[in-house]
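> In this note's numbering, the protein residues as written are 817 to 1239.
(1) Inspect the beta-carbon positions of residue 998 and residue 1158 and report whether they are closer than 8 Å.
(2) Tell me the start and end of each unbroken alpha helix (DSSP H) in the stretch 910-941 that is at least 4 residues and wholly inside, in chain order.
(3) Quick check on DSSP: helix, strand or coil for residue 957?
(4) Report all residues from its chain with a CB closer than 7 Å to the CB of residue 838; omit the five preceding and five following residues, and keep chain order.
(5) Which residue's Cα is closest to the Cα of residue 1054: 1010, 1155, 1105 and 870?
(6) Given a threshold of 16 other Cβ atoms within 10 Å of its Cβ, counted over all protein chains shown, does residue 1013 qualify as buried or as exposed?
(7) Express the C-alpha separation of residue 980 and residue 987 in angstroms, rounding to a whole number.
(8) Is there contact here, the stretch 1038-1057 with the stretch 1127-1142, by at least three beta-carbon pairs under 8 Å?
(9) Just the Cα atoms here: how many angstroms apart are residue 874 and residue 974?
(10) Can you check which of these residues, 1218, 1206 and 1217, is closest to residue 850 by C-alpha distance?
(11) Measuring straight from C-alpha to C-alpha, what distance separates residue 995 and residue 1010?
(12) Using the Cα positions of residue 1154 and residue 1019, report the straight-line distance between them to the nearest angstrom.
(13) Restricting to Cα atoms, I'd like to know which of 902, 1226 and 1211 is closest to residue 845.
(14) Taking buried to mean at least 16 other C-beta atoms within 10 Å of its own C-beta, is residue 1161 buried or exposed?
(15) Keeping to the same chain, check which residues put their C-beta closer than 8 Å to that of residue 940; ignore five residues upstream and five downstream.
(16) Find out if the Cβ-Cβ distance for the pair residue 916, residue 904 is shorter than 8 Å.
(17) In whole angstroms, give me the CA-to-CA distance for residue 897 and residue 957.
(18) Nearest to residue 1140 by CA position, among 1002, 912 and 1017, is which residue?
(19) For residue 944, which beta-bridge partners are listed by DSSP?
(20) For the beta strand (DSSP E) containing residue 1184, list its first residue and its last residue.
(21) What's the gap between the Cα of residue 836 and the Cα of residue 1218?
(22) Whole angstroms are fine: how far does the CA of residue 901 sit from the CA of residue 1277?
(23) Do residue 1150 and residue 1005 have their C-beta atoms within less than 8 Å of each other?
(24) Compute the beta-carbon to beta-carbon distance between residue 1122 and residue 1035, rounded to the nearest angstrom, for a pair I have assumed lies under 8 Å.
(25) For residue 1224 and residue 858, what's the separation of their Cα atoms in angstroms?
(26) Near residue 853, which residues of its chain fall below 6 Å by C-beta distance, leaving aside the five closest residues on each side in sequence?
(27) By how many angstroms is the C-alpha of residue 1031 removed from the C-alpha of residue 1103?
(28) Here's a check: name, in chain order, each residue in its chain whose Cβ is nearer than 6 Å to the Cβ of residue 1231, leaving out the five neighbours to either side.
(29) Which value, in whole angstroms, describes the spacing of the CA atoms of residue 1119 and residue 1136?
(30) Identify whether residue 1138 lies in helix, strand or coil by the three-state DSSP scheme.
(31) If we ignore side chains and look at the alpha-carbon of each, how far apart do residue 936 and residue 899 end up?
(32) Which residue wins for smallest C-alpha separation from residue 1165, given the options 990, 1156, 1082 and 1111?
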């Protein structure tokens, strides 16, 4: 073994011997320090703690959900509890906090005695309040903060729901007015256009045109037939003579016979009785055919005049019908557009109604409900100061310091008193 290395090594046996020899001093000092710390802690005022728990969960009003509750962020709701307005309300509710020994004049004074945290990985928020001397006051303050947080959350959600509802009410009111105006416009168009009268007039014009077309067709056939009959009669008349010769006895014509006797006084009576007179007579068949031909020609001229009038009238009727049909189409388009706008406005109005219901359901279903899960209860056991802990910490620290002191002092003495090694 290297003598130099051995000289530098610490003798553990010496350390144990020091602890054994100095144990009474070390433990005495530690006990004295613990007793002194315990006695000093008696001068500190007792502080009493109270805690309340809030359950944060989504509202299932208006919806059904099997989703698990999401973990909440403490910072989201911490200002509901430790916000300055909430703390000031608590100070106003409990005026004794402004007096001794609390002397809490401002919200920040109370904020130092309030802490907010989440319980593990659960949707539960815990509020902790610590005050001196009065455990019941600590519990009351804690419960007041919890109730204020619940009320603030409900008020905010109600305000949001009311704002959404008012927004949709205003939109719906405007849409109601628009729908009413569009309906009135549609009814006024119907009243102005009088579509039934127009359709009836178009029907009458169409009936008249069909009648004229039928008359035209009949006149065309009649003209052909009359033309054929006229040609036939003309051919028959061309083969007939207008007059026919007639031979009558003179006795049948007394006037002529008397005239002949005056001119021929010497004529015998027998000769006069045997005398005959030859004359021309009108051909009755010829006259009848001529009259019939004249009537057919007059009828043909009348049919031609009617035909020409119908031919002139038909284009005018067609033009009038086209104009009326165009007017009907334009009126129908105007009424269809007005009706479509009215129906579309009704659908929009219905959609807004549904959207309003959905908005209310969404506000209700997406809102987060704060519920007091556990109210704070006064606890007579003081949370602080932990006198035994203070005494234990003081004794332990004194023990360690005393032990270190004696070890270092004895080691120093060993090093100083050791003779120098021989070269």
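Glycine included, every Cβ here is placed at the ideal spot set by N, Cα and C.
Reading it off the structure:
(1) Working through the chain shown from its first residue, we reach residue 998 at position 182. Working through the chain shown from its first residue, we reach residue 1158 at position 342. Taking C-beta atoms as the reference points, residue 998 and residue 1158 count as a pair closer than 8 Å.
(2) List check, alpha helix (DSSP H) in window: 923-927.
(3) On the chain shown, residue 957 is found 141 positions in, with the first residue counted as 1. Annotated three-state conformation of residue 957 is helix, per DSSP.
(4) Locating residue 838 in the chain shown gives position 22, counting from the first residue. In its chain, beyond the 5 residues on either side, 1222 have a beta carbon closer than 7 Å to the beta carbon of residue 838.
(5) Residue 1054 sits at position 238 when you count from the first residue of the chain shown. Scanning 1010, 1155, 1105 and 870 for the CA closest to the CA of residue 1054 turns up 1105.
(6) What you label residue 1013 is simply residue 197 of the chain shown in a count that begins at 1. With fewer than 16 neighbouring CB atoms inside 10 Å of its own CB, residue 1013 falls in the exposed class.
(7) The residue given as residue 987 occupies position 171 in the chain shown. The residue given as residue 980 occupies position 164 in the chain shown. Rounded to whole angstroms, the gap between the alpha carbons of residue 987 and residue 980 is 11 Å.
(8) Output reads no: the stretch 1127-1142 does not touch the stretch 1038-1057.
(9) Taking the first residue of the chain shown as 1, we reach residue 874 at position 58. Taking the first residue of the chain shown as 1, we reach residue 974 at position 158. So the alpha carbons of these two residues sit roughly 15 Å apart.
(10) On the chain shown, position 34 is the one that residue 850 refers to. Minimum Cα distance to residue 850 is reached at 1206.
(11) Walking along the chain shown from the start, residue 995 turns up at place 179. Walking along the chain shown from the start, residue 1010 turns up at place 194. Straight-line Cα distance between these residues: approximately 23 Å.
(12) Position 338 of the chain shown, counting from 1, holds the residue named residue 1154. Position 203 of the chain shown, counting from 1, holds the residue named residue 1019. Those two C-alpha atoms are separated by around 25 Å.
(13) For the purposes of this step, residue 845 is taken as the residue at position 29 of the chain shown. The candidate whose alpha carbon is nearest that of residue 845 is 1211.
(14) By 1-based counting over the chain shown, the position of residue 1161 is 345. Buried: at least 16 other Cβ atoms inside 10 Å.
(15) Position 124 of the chain shown, counted from the first residue, corresponds to residue 940. 869, 870, 871, 872, 934 and 1189.
(16) The count along the chain shown starts at 1 and reaches residue 916 at position 100. The count along the chain shown starts at 1 and reaches residue 904 at position 88. Result no, Cβ atoms of residue 916 and residue 904 do not sit closer than 8 Å.
(17) Within the chain shown, the letter at position 81 stands for residue 897. Within the chain shown, the letter at position 141 stands for residue 957. Put simply, the backbone Cα of residue 897 is about 11 Å away from that of residue 957.
(18) Walking along the chain shown from the start, residue 1140 turns up at place 324. When each option's Cα is compared against that of residue 1140, the closest is 1017.
(19) Residue 944 sits at position 128 when you count from the first residue of the chain shown. DSSP, once it has assigned bridges, lists 867 and 931 as partnering residue 944.
(20) In the chain shown, residue 1184 corresponds to position 368, counting from 1. That run of the beta strand (DSSP E) goes 1184-1190.
(21) Here residue 836 corresponds to residue number 20 of the chain shown, with the count starting at 1. Here residue 1218 corresponds to residue number 402 of the chain shown, with the count starting at 1. Looking at the two C-alpha atoms, the distance is approximately 13 Å.
(22) The chain is shown only over 817 to 1239; residue 1277 falls outside these bounds and no answer can be derived.
(23) Within the chain shown, residue 1150 is the residue found at index 334, counting from 1. Within the chain shown, residue 1005 is the residue found at index 189, counting from 1. In this structure, residue 1005 lies closer than 8 Å to residue 1150 by Cβ.
(24) Along the chain shown, one-based indexing puts residue 1122 at 306. Along the chain shown, one-based indexing puts residue 1035 at 219. Confirmed, Cβ separation roughly 6 Å.
(25) Numbered from 1 along the chain shown, position 408 holds the residue referred to as residue 1224. Numbered from 1 along the chain shown, position 42 holds the residue referred to as residue 858. The alpha-carbon atoms of residue 1224 and residue 858 are separated by roughly 35 Å.
(26) Working through the chain shown from its first residue, we reach residue 853 at position 37. Around residue 853, the same chain offers 1206, 1207 and 1210 as residues with beta carbons nearer than 6 Å, after the five sequence neighbours per side are excluded.
(27) Here residue 1103 refers to the residue found at position 287 of the chain shown. Here residue 1031 refers to the residue found at position 215 of the chain shown. Each residue's alpha carbon lies about 33 Å from the other.
(28) Residue mapping note: residue 1231 aligns to position 415 of the chain shown, counting from 1. Excluding sequence neighbours, residue 1231 sits near nothing in its chain.
(29) As a working mapping, residue 1119 is identified with position 303 in the chain shown. As a working mapping, residue 1136 is identified with position 320 in the chain shown. In a straight line, the C-alpha of residue 1119 is about 25 Å away from that of residue 1136.
(30) By 1-based counting over the chain shown, the position of residue 1138 is 322. Per DSSP, reduced to three states, the secondary structure at residue 1138 is helical.
(31) By 1-based counting over the chain shown, the position of residue 936 is 120. By 1-based counting over the chain shown, the position of residue 899 is 83. Straight-line spacing of the CA atoms in residue 936 and residue 899 works out to 23 Å.
(32) Your numbering for residue 1165 matches position 349 in the chain shown. For residue 1165, the nearest C-alpha among the options comes from 990.
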